[in-house]
Amino acid sequence: MRIDVVTLFPELFEVPLRTSIIGRALERGLVSVDVHDLRAHGLGRHRSVDDYPYGGGAGMILRPEPLAAAIDPLREVGALVVLLDPAGERLTDRLARELAGVAHLALVCGRYEGLDERARGSLVDREVSIGDYVLTGGELPALVLIDAVARLVPGVIEAESHESDSFATGLLEHPQYTRPESFRGMEVPAVLLSGHHAEVARWRRRESLRRTLLRRPDLLQAADLSDEDRRMLDELSRA
Ligand code: 4HQ
Numbered sequence: 216m217r218i219d220v221v222t223l224f225p226e227l228f229e230v231p232l233r234t235s236i237i238g239r240a241l242e243r244g245l246v247s248v249d250v251h252d253l254r255a256h257g258l259g260r261h262r263s264v265d266d267y268p269y270g271g272g273a274g275m276i277l278r279p280e281p282l283a284a285a286i287d288p289l290r291e292v293g294a295l296v297v298l299l300d301p302a303g304e305r306l307t308d309r310l311a312r313e314l315a316g317v318a319h320l321a322l323v324c325g326r327y328e329g330l331d332e333r334a335r336g337s338l339v340d341r342e343v344s345i346g347d348y349v350l351t352g353g354e355l356p357a358l359v360l361i362d363a364v365a366r367l368v369p370g371v372i373e374a375e376s377h378e379s380d381s382f383a384t385g386l387l388e389h390p391q392y393t394r395p396e397s398f399r400g401m402e403v404p405a406v407l408l409s410g411h412h413a414e415v416a417r418w419r420r421r422e423s424l425r426r427t428l429l430r431r432p433d434l435l436q437a438a439d440l441s442d443e444d445r446r447m448l449d450e451l452s453r454a
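Going letter by letter, the sequence shown gives residues 216 to 454 in the numbering used here.
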């Protein structure tokens, strides 16, 4: 998968894209990310990329010409152009999986008060929001999108790990424990030390259901639940 990024702050991408699982995916060539500095297409001696809003008001707006100069070549080679913006479709597990199936993404990061509406309307295919809060730019949302999507590219992590992701199963994940067996007087649940694989699986499923019921009951509507799950849920909600 290929990802291009258009930004005024390329340096924000350096460490995150060199680190850990995503760093390794890039090193192995499973994903490639090219970061383009919008300033390279700035206008005049000052390489200006923004200007005051027509009609007045606070803040600056990104002019369409530098955006077009940066984005047109990416459109030409077939990239799906995605703008990170609070007005976009919310990034969910479903959307991350959909975007992981796109061979070439171009992520556009706004700054200030955002893009001129003509650039948004003519240069952008889709808009994605990472949540209902206001950030200073689209760079952190772009990194969130890259992280969420790249880990789903075959080979980046074991398929097992994301097939059991909470939002893939529709339930929150069960509690996990590692050494030591006793920590500050708190013990690892005995069933996990028992070696009974079927009992471990049943305990984990019950704890997933318990956590989802307590913290995100809204997820239960869409979850794929067996008769046994419904029986467990029934028992949990009585208790
Ligand atoms: N932005 N999800 C870029 C966001 C945002 C979000 C605010 C995007 C500022 C210029 N983007 N503009 N939330 O807060 O995607």
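The C-beta atom is built at its ideal place from N, Cα and C for all residues, glycine as well.
All of these numbers come straight from a predicted model, not from anything done at the bench.
Limits of the beta strand (DSSP E) - the one that residue i falls within
i      : result
His256 : First-last for His256: undefined, no H or E at that position.
Ala240 : Premise fails: Ala240 lies in the alpha helix (DSSP H), 235-242, not in any beta strand (DSSP E).
Ala416 : Not the beta strand (DSSP E): Ala416 falls in the alpha helix (DSSP H), residues 412-430.
Ser409 : Unbroken run through Ser409: none, as it is neither H nor E.
Asp249 : 247-252
Leu298 : 295-305
Asp219 : 217-222
Glu342 : 341-344
Residue i beta carbon near ligand 1 (any heavy atom closer than 7 Å)
i      : result
Val349 : yes
Ile345 : yes
Asp331 : no
Pro301 : yes
Arg326 : yes
Pro356 : yes
Gly270 : no
Gly274 : no
Gly400 : no
Gly352 : yes
Same chain, Cβ closer than 7 Å to residue i, neighbours up to 5 away in sequence not counted
i      : result
Ala311 : Ala363, Val364, Leu367
Arg425 : Leu451
Val264 : Leu223, Leu253, Arg254, Gly257, Leu277, Arg278, Pro281
Ser381 : Leu387, Glu388
Pro356 : Leu299, Ile345, Leu350
Min CB distance residue i to chain D below 8 Å
i      : result
His389 : The chain inventory of the structure shown lacks chain D, comprising one protein chain alone.
Limits of the alpha helix (DSSP H) - the one that residue i falls within
i      : result
Pro279 : 279-291
Glu332 : 332-338
Pro356 : 354-365
Ser176 : An answer regarding residue 176 cannot be provided, because it is not within the stretch 216 to 454 covered by the chain.
Ser376 : 374-378
Glu443 : 442-453
Asp308 : 308-315
Nearest neighbour of residue i, chosen from the options [CA to CA]
i      : options                        : result
Leu245 : Ala318, Pro225, Val359         : Ala318
Ala284 : Ala302, Ala273, Ile276, Ala255 : Ala255
Ala294 : Val230, Asp219, Phe228         : Asp219
Leu360 : Thr307, His389, Leu330         : Thr307
Leu322 : Arg333, Asp340, Arg305, Arg233 : Asp340
Leu408 : Tyr392, Glu422, Gly346, Phe398 : Tyr392
Glu354 : Ser397, Leu428, Gly329, Asp287 : Gly329
Val343 : Ile237, Ala374, Arg309, Asp444 : Arg309
Val371 : Arg260, Pro288, Val403, Arg239 : Arg239
Val296 : Asp444, Glu229, Gly336, Trp418 : Gly336
Thr427 : Thr234, Arg233, Thr384, Phe228 : Thr384
Cβ-based neighbour list, residue i, same chain, cut-off 6 Å, excluding 5 preceding and 5 following
i      : result
Pro231 : Leu358
Arg262 : Arg254
Met275 : Asp265, Tyr327
Arg419 : His389
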